[in-house]
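J.: I have a structure I would like to understand better, so I am pasting it below and will then ask my questions one at a time.
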Amino acid sequence: MADTTMTPADAPKKRASKAADDVVATVTETSESTSDSAKGRFTKAIEEAKAGAEALKGEAMEKGAAYKAKVSGTTADWVDEAKVYAGQAKEKGAALAVEGKARASDALGVLGKTISDTATTIDEKLGVQYGDYARSAARSIQETAAKLEAKDLGELGDDVKEFVRKSPGVAIGVAAVAGFAIARLLSGGSDD
313 MADTTMTPAD APKKRASKAA DDVVATVTET SESTSDSAKG RFTKAIEEAK
363 AGAEALKGEA MEKGAAYKAK VSGTTADWVD EAKVYAGQAK EKGAALAVEG
413 KARASDALGV LGKTISDTAT TIDEKLGVQY GDYARSAARS IQETAAKLEA
463 KDLGELGDDV KEFVRKSPGV AIGVAAVAGF AIARLLSGGS DD
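When we follow the numbering used here, the leftmost residue of the sequence shown carries the number 313, and every step to the right adds one.
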């Protein structure tokens, strides 16, 4: 059998060995608990960072949604204002067109009456044949004035489109003459 008796010289070695084993065990336990503690703190820090990132993401989403709602509201307000202004412009344009139609009709009526009134003078100075031409022209102008007064703006627009389709050359000529006449009227007041 084995000798398990200890000599007095072996006792301090045994105690030192046992103390060394105790220190190694304590260091190992401390090292493991420190390691576990460090891992735990690192894991906790990672989790806190993730939670912070999620909170920032949520806050950013909320602010983004608020800004989006504000911009959408502002855009909707601008669209509504633009619609109001467009409606007002349309009403004003229609009113001006009706007024222009009335003035043109009145001007044609006055022109027709003036030509009709001067037809007798034309009879005396140039002859009855030219007086009849003047009366016929006056009658046509007055009929045109009456037709213009009777039609609404939509019908007039359709008539102009149809006229341009049928005879575009004449339409261009009429536009050129009208432009020239308007230019002469507007520049008539200047001393060139």
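From the three backbone atoms N, C-alpha and C, an ideal C-beta is built for every residue, glycine too.
Sort Gly364, Arg415, Ala394 by Cα distance to Glu461 and report the nearest one.
T.: Arg415
J.: Counting beta carbon pairs with one atom in the region 476-485 and one in the region 446-459, are three or more of them shorter than 8 Å?
T.: no
J.: Tell me whether Leu498 is buried or exposed, calling it buried when 16 or more other Cβ atoms sit within 10 Å of its Cβ.
T.: exposed
J.: Under a Cβ-count criterion, where at least 16 other Cβ atoms within 10 Å of its own Cβ denotes burial, should Ala420 be classed as buried or exposed?
T.: Ala is not the amino acid found at residue 420; the sequence shown has Leu there. Buried.
J.: For Gly385, which of helix, strand or coil comes out of DSSP?
T.: helix
J.: When you compare each of Gly469, Trp390, Leu423, Ala372 to Ala457 by their alpha carbons, which one comes out closest?
T.: Leu423
J.: If you run the structure through DSSP and keep just helix, strand and coil, what is Met313?
T.: Because Met313 sits at a pLDDT of 47, beneath the cut-off of 50, its placement in the model cannot be relied upon, and the following sentence gives the value as read from the coordinates. Reduced to three states, the DSSP call for Met313 is coil.
J.: Would you mind working out which of Val391, Leu465, Ala394 sits nearest Leu408, comparing C-alpha positions?
T.: Leu465
J.: According to the neighbour-count rule (16 or more other Cβ atoms, all chains shown, within 10 Å of its Cβ), is Ile427 buried or exposed?
T.: buried
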